[in-house]
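Have a look at the structure below, then the notes.
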Amino acid sequence: MNKLTQIQLGFLVLLSIVSCSPTLTYLSNDMIKDNKWSQEDLKKIQFYLSDDIILTRTISNGESTIESGKIKIKNGKKIDQVIFKKGTPGILMFLPKEDRFAISFDNSSPEKYLIFGPNPKMDSRYALMAKEWDRYSGQVSYNGQIFETASHSAFSALLVNLKRAKKIERNREIAKGNKI
Numbered sequence: 171m172n173k174l175t176q177i178q179l180g181f182l183v184l185l186s187i188v189s190c191s192p193t194l195t196y197l198s199n200d201m202i203k204d205n206k207w208s209q210e211d212l213k214k215i216q217f218y219l220s221d222d223i224i225l226t227r228t229i230s231n232g233e234s235t236i237e238s239g240k241i242k243i244k245n246g247k248k249i250d251q252v253i254f255k256k257g258t259p260g261i262l263m264f265l266p267k268e269d270r271f272a273i274s275f276d277n278s279s280p281e282k283y284l285i286f287g288p289n290p291k292m293d294s295r296y297a298l299m300a301k302e303w304d305r306y307s308g309q310v311s312y313n314g315q316i317f318e319t320a321s322h323s324a325f326s327a328l329l330v331n332l333k334r335a336k337k338i339e340r341n342r343e344i345a346k347g348n349k350i
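In my numbering, the protein residues as written are 171 to 350.
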C-alpha cells in the first residue's frame with residue numbers, strides 16, 4: 171500500500187468516527203424557546219457536561235460517613251470531593267423555578283443534583299448556578315450539603331445532542347372553540 175492510499179484510508183476512518191459521534195450543542199434559552207420544549211419534553215432529553223466540575227467540602231470531626239465521592243486528608247483535615255467529568259450524562263429532575271434546571275448525574279439519591287440556569291454572559295447558555303460566586307470559588311448545594319467549587323466551574327454548561335433532541339415527538343392539539 172502506498173503512502174497516499176494509507177492517508178486516504180486514515181482520513182476515511184477518521185471521517186466515519188466523527189460522523190457517528192453525537193452533535194453536542196450548548197443548551198440555551200433561545201434553543202428551548204425556538205423548539206417550544208415543555209418540561210415533559212425536557213425530561214426526555216439527555217444532557218451532558220461541557221467541562222469538569224469538582225465539588226469540595228471540609229468534613230467536621232464528628233462527620234465520618236461518605237456516600238459518594240472521595241475522602242482525602244489535606245493538612246490534617248478530611249475533605250469530601252465529588253468529581254463530575256466533562257461529558258457526564260445527566261437528566262432533568264425538576265425545575266426549582268422558571269429557567270432553572272435541577273440536573274442529576276447520579277441516580278443513587280434524588281438529592282444528588284446540580285442547578286443550571288441561563289447565564290447572560292455566556293449567550294444565555296445553561297451554566298452551573300451557585301448560591302454565591304466570588305472571585306475564586308462558588309457555594310453549590312449538592313446532596314443536601316454545601317460544597318465549594320472553583321470559579322471556572324461557572325463556565326461549565328449543559329450540552330445536548332441536537333439531532334436526538336429535535337426528534338422528540340409532540341402531539342399537540344389546538345382547540346378551535348365551541349359555537350352555538
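Cβ coordinates follow ideal geometry from the N, Cα and C atoms, glycine included.
query = For F254 versus F275, is the C-beta distance shorter than 8 Å?
reply = As a first step, residue 254 must be located in the sequence shown, where it is residue number 84. As a first step, residue 275 must be located in the sequence shown, where it is residue number 105. It is a contact, given that the beta carbons lie within the stated cut-off.
query = Based on Cα-Cα distance, which residue from G260, P290, S279 lies nearest to A324?
reply = In the sequence shown, counting from the first residue as 1, residue 324 sits at position 154. That would be P290, whose Cα lies nearest to the Cα of A324.
query = Whose C-beta lies closer than 7 Å to the C-beta of E302 among residues of the same chain, with five residues either side of it excluded?
reply = In the sequence shown, residue 302 corresponds to position 132, counting from 1. Correct list, in chain order: G308, Q309.
ask   = Ordered along the chain, which non-local residues of its own chain (more than five positions away) have a Cβ less than 6 Å from that of I229?
value = One-based indexing of the sequence shown puts residue 229 at position 59. Counting only Cβ-Cβ distances below 6 Å, and skipping sequence neighbours, we find K248, D250.
task = Classify S294 as helix, strand or coil using the three-state DSSP reduction.
result = Taking the sequence shown and counting its residues from 1, one reaches residue 294 at position 124. If DSSP states are grouped into helix, strand and coil, S294 belongs with coil.
message = Please report the straight-line C-alpha distance between F264 and N331, rounded to a whole angstrom.
response = Numbered from its first residue, the sequence shown carries residue 264 at position 94. Numbered from its first residue, the sequence shown carries residue 331 at position 161. Going by the C-alpha atoms only, they are around 20 Å apart.
query = Does DSSP put A324 in a helix, a strand or coil?
reply = Position 154 of the sequence shown, counted from the start, is the residue given in the question as residue 324. Reduced to three states, the DSSP call for A324 is helix.
query = Within this structure, are the beta carbons of F217 and I285 separated by less than 8 Å?
reply = Position 47 of the sequence shown holds residue 217. Position 115 of the sequence shown holds residue 285. For F217 and I285, no; Cβs fall outside 8 Å.
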